[in-house]
Amino acid sequence: MPNIVWTVLVAAATAGVTALTTGLFVTPRMEARKKRLGDVHAARDAFSAHMTRLASVCALLQQIQLPAEEEPGWTPVMRERLTGERERWWQQVDESTRWLIDNVGTYAGSWALQSLIQIAVQYAGNARIVVCPNGRKPRRRRSCSR
118 MPNIVWTVLV AAATAGVTAL TTGLFVTPRM EARKKRLGDV HAARDAFSAH
168 MTRLASVCAL LQQIQLPAEE EPGWTPVMRE RLTGERERWW QQVDESTRWL
218 IDNVGTYAGS WALQSLIQIA VQYAGNARIV VCPNGRKPRR RRSCSR
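Residue numbering for the sequence shown follows this note's numbering, starting at 118 and increasing by one per position.
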């Protein structure tokens, strides 16, 4: 009987020391790591959202062009609305490319492979170069046409 009591006491003491050590040393580190990993994933999600927005808005800008002045069926109000929409799309391109270039260190640094980091940095730089600083005219007409 005393051997069983001794075994139970040693097991209880071991469990208590293990729980205390885990609570004091491991848990705070895990909580800090969880926050850092959450921030990394949030940055990657934002990067993905901005890339998707750029692709969809550029597709809209390429496919929906302003009609010629003499094109029948287009009223001045329709032309004005389409011009307004295209301006709004260009603002979205400007905002997304600005975010990509401003936050490149946040999301690009989260990848382990150097090639992925280079791709992300080059993408952000090239996307921003396409749009002039004033967000009005593209410098190259490959990605988006105006």
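From the three backbone atoms N, C-alpha and C, an ideal C-beta is built for every residue, glycine too.
- Annotation for Ala159: the continuous alpha helix (DSSP H) segment containing it runs Thr144 to Gln180.
- Counting every other CB atom within 10 Å of its CB across the protein chains shown gives Ala229 a total below 16, marking it as exposed.
- The residue among Leu217, Ile246, Val122 and Val248 with its C-alpha nearest the C-alpha of Ile234 is Leu217.
- Assignment of Trp191 by DSSP, reduced to helix, strand and coil, places it in the coil class.
- Less than 8 Å divides the Cβ of Gln209 from the Cβ of Val174.
- The residue among Ala237, Ser227, Ile236 and Gln231 with its C-alpha nearest the C-alpha of Asp156 is Ser227.
- For Glu212, the three-state secondary structure derived from DSSP is helix.
- Taken atom to atom, the span from the alpha-carbon of Gln180 to that of Arg203 is near 11 Å.
- Taking C-beta atoms as the reference points, Tyr224 and Ala237 count as a pair closer than 8 Å.
- Pairing Leu154 with Thr138, the inter-Cα distance amounts to about 24 Å.
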